[in-house]
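A.B. asks: Take 4 as the starting number for the sequence shown in our numbering and just add one per residue. From the three backbone atoms N, C-alpha and C, an ideal C-beta is built for every residue, glycine too.
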Amino acid sequence: MRKSILLTLLLALTLIPALAQQSLLYRISGKGLQQPAYLYGTIHLICAGDFVMPPALKNAVAASTALYLEIDLDDPSTISEMVKGMAAPEGYSLQQHFTPEDFARLTAWLKDSMQLDINQFARSKPMVLQMKMLQRAVPCSDPVSYEIELLKIAMAGKKPVMGLERIGDQIAVFDSIPDSVECRMIMDYVNDFPKQRATFEQMTAAYKRQDAAALHRLFAQSAEWAGYEDALVYDRNRNWVPVIEKAIRQGPVVIACGAMHLGGEQGLLALLKARGYEVTPVRE
């Protein structure tokens, strides 16, 4: 349960403007690197029937000296840090952020659509409920995580697994968004669930095609995260670059993060190029 919430937290950080290049796997070389490293853009949850592990990516992980994910999913402290970070302060009430009418509608929707009691979230931050609801957008009962599958490959090969940041950093992103805004997003979800499901399905289709333009158009139509792009993506990208540079100078590592972090003028591809590296798409 806790790991599924953790993966859905990653998923939520995916549902914002994404790729600007039509490829998911990139080779990083040049600037004195002895061996190339690889950068891969993931979608954090996808139905099993849509999941494909690129052979080049699998081979890169097998030949790597370490796997870097957004957070270290192999670290036991990640779960405990997540639980602590999602706990609301003493005296907090989720209900206070909704009108009586909206709260009644939310209560009924959770019961009817997800068989959940609103009281389970009465003392939780809005993001906890938001993460749980986002899982409902996945149109299958057998979702697969690219991060977990990559983790399995790394562990089978006894590769170290590292994080570009800690789970506390991701939780801080949501804490920077006012509760009132997150609760509005929750009600948007309740009031138009078919739209949320359609968004996920369109995102999956574009991801499978590696269609950067379609992904950009899809996310550009959403105003949900407007004004929070820096906190959600660009600030994190800038924080990750020194971590990535240190990692790739230590050996042929593989870095896997949400595809949204790759493209754009402030994306990881552009930032790494600006630092003097050659970043080349790998297509199969």
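Given this structure, state the Cα-to-Cα distance separating Phe-124 from Arg-30, to the nearest angstrom.
C.D. replies: Their backbone Cα atoms lie some 43 Å apart in a straight line.
A.B. asks: Count the CB pairs spanning the stretch 139 to 159 and the stretch 170 to 189 that are closer than 8 Å, and state whether there are at least three.
C.D. replies: At 8 Å Cβ cutoff, the stretches do not touch.
A.B. asks: By Cβ distance below 8 Å, which residues in the same chain neighbour Gln-269 in space, the five residues on each side in sequence not counted?
C.D. replies: Excluding sequence neighbours, Gln-269 sits near Val-236, Tyr-237, Asn-240 and Arg-241.
A.B. asks: Per the DSSP calculation, Cys-260 is bridged to which residue(s)?
C.D. replies: For Cys-260, which the question treats as bridged, DSSP gives the partners Gly-44.
A.B. asks: Taking only the alpha-carbon atoms, compute the straight-line gap between Leu-274 and Ala-111 and give it to the nearest angstrom.
C.D. replies: In a straight line, the C-alpha of Leu-274 is about 46 Å away from that of Ala-111.
A.B. asks: Assuming Val-164 is part of the beta strand (DSSP E), what are its boundary residues?
C.D. replies: Start and end: 164 to 166.
A.B. asks: Taking C-alpha atoms, which residue in Phe-203, Ala-51, Ile-180 and Asp-105 lies nearest to Val-147?
C.D. replies: Minimum Cα distance to Val-147 is reached at Ala-51.
A.B. asks: Ile-151 and Ile-74 - do their beta-carbons sit closer together than 9 Å?
C.D. replies: No, these two residues do not count as a Cβ contact at 9 Å.
A.B. asks: List the whole-angstrom C-beta distance separating Thr-68 from Cys-260, where the pair is believed to meet the contact cut-off of C-beta under 8 Å.
C.D. replies: That belief does not hold up - the Cβ atoms of Thr-68 and Cys-260 are roughly 18 Å apart, past 8 Å.
A.B. asks: Can you look up Ala-21 in the DSSP assignment and give me helix, strand or coil?
C.D. replies: Below a pLDDT of 50, predicted positions are generally treated as unreliable, and Ala-21, at 41, falls in that range; the measurement from the model is reported next regardless. Reduced to three states, the DSSP call for Ala-21 is coil.
A.B. asks: If contacts are defined as beta-carbon pairs under 8 Å, then Leu-60 and Tyr-43 qualify, I think. What distance do you get, rounded to the angstrom?
C.D. replies: Confirmed, about 6 Å.
A.B. asks: Tell me, which residues are paired with Thr-283 by DSSP?
C.D. replies: DSSP lists Arg-30 as partners of Thr-283.
A.B. asks: Which runs of the alpha helix (DSSP H) spanning at least 4 residues fall entirely within the stretch 104 to 159, listed in chain order?
C.D. replies: With a minimum length of 4 residues, the continuous alpha helix (DSSP H) runs that stay inside the stretch 104 to 159 are 129 to 138 and 149 to 159.
A.B. asks: Measure how close the beta-carbons of Ser-26 and Val-285 come, nearest whole angstrom, since I'm counting them as under 8 Å.
C.D. replies: Confirmed, about 7 Å.
A.B. asks: Taking the alpha carbon of Tyr-192 as the reference point, which residue from Pro-181, Lys-135 and Pro-163 has its own alpha carbon closest?
C.D. replies: When each option's Cα is compared against that of Tyr-192, the closest is Lys-135.
A.B. asks: By DSSP, does Tyr-95 sit in helix, in strand, or in coil?
C.D. replies: Tyr-95: coil per DSSP, three-state reduction.
A.B. asks: By how many angstroms is the C-alpha of Phe-203 removed from the C-alpha of Asn-122?
C.D. replies: C-alpha separation (whole angstroms): 28 Å.
A.B. asks: Per DSSP, what kind of secondary structure is Tyr-237 in: helix, strand or coil?
C.D. replies: Three-state result, Tyr-237: helix.
A.B. asks: Just to confirm before moving on: does the CB-CB distance between Tyr-41 and Ile-258 stay below 9 Å?
C.D. replies: Yes, these two residues count as a Cβ contact at 9 Å.
A.B. asks: Can you check whether the CB of Ile-247 is closer than 9 Å to the CB of Leu-167?
C.D. replies: Contact: yes.
A.B. asks: Rank Ile-49, Gly-266, Phe-177 and Ser-144 by C-alpha distance to the C-alpha of Leu-132 and give the top, closest one.
C.D. replies: Among Ile-49, Gly-266, Phe-177 and Ser-144, the Cα nearest to that of Leu-132 belongs to Phe-177.
A.B. asks: Please report the straight-line C-alpha distance between Ser-144 and Asp-53, rounded to a whole angstrom.
C.D. replies: Going from the Cα of Ser-144 to the Cα of Asp-53 covers about 13 Å.
A.B. asks: Based on the DSSP output, what are the partners of Cys-50 in its beta bridges?
C.D. replies: Beta-bridge pairing links Cys-50 to Pro-146.
A.B. asks: Suppose you measure from the CA of Arg-108 to the CA of Ser-96; what does that come to, to the nearest Å?
C.D. replies: Spanning the two alpha carbons is a distance of roughly 17 Å.
A.B. asks: Ends of the beta strand (DSSP E) at Leu-70?
C.D. replies: That run of the beta strand (DSSP E) goes 70 to 72.
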